[in-house]
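Presented below is the structure to which this report refers.
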Amino acid sequence: MSFEGSYLGDRSRLPAGARLECKICWWVYDPAEGDTTWQIPPGVPFAELPAHWRCPQCDGDAEQFMVLE
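The opening position of the sequence shown corresponds to residue 1 in full-length UniProt numbering, with each subsequent residue numbered one higher.
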């Protein structure tokens, strides 16, 4: 089952500048800012996050993120 805004786990479908929001806690991953919790520097697209990366706020899986328009 898919949900609105889902990238369906296919990171190759994501544009490099895509911002994604956790559907559990609403935390937003913005590639322009990176993620200090996981030591991800600014400029790293969501598609290039490590496989073990999880939401730094609620520990949700990366596949729980929705693309923001």
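C-beta atoms are modelled at their ideal positions from N, C-alpha and C, and glycine is treated no differently.
Sequence-distant residues of its chain with Cβ nearer than 6 Å to L14 (five each side left out): Y7, F46, A47
Can you list, in chain order, the residues of its chain whose CB lies under 7 Å from that of W53, leaving out five sequence neighbours each side? W38, A62
Cβ-based burial, P41 [other Cβ within 10 Å; buried from 16] | exposed
* **Which of helix, strand or coil DSSP assigns to E21** => strand
List the residues that DSSP assigns as beta-bridge partners of Y7. None; Y7 has no bridge partner.
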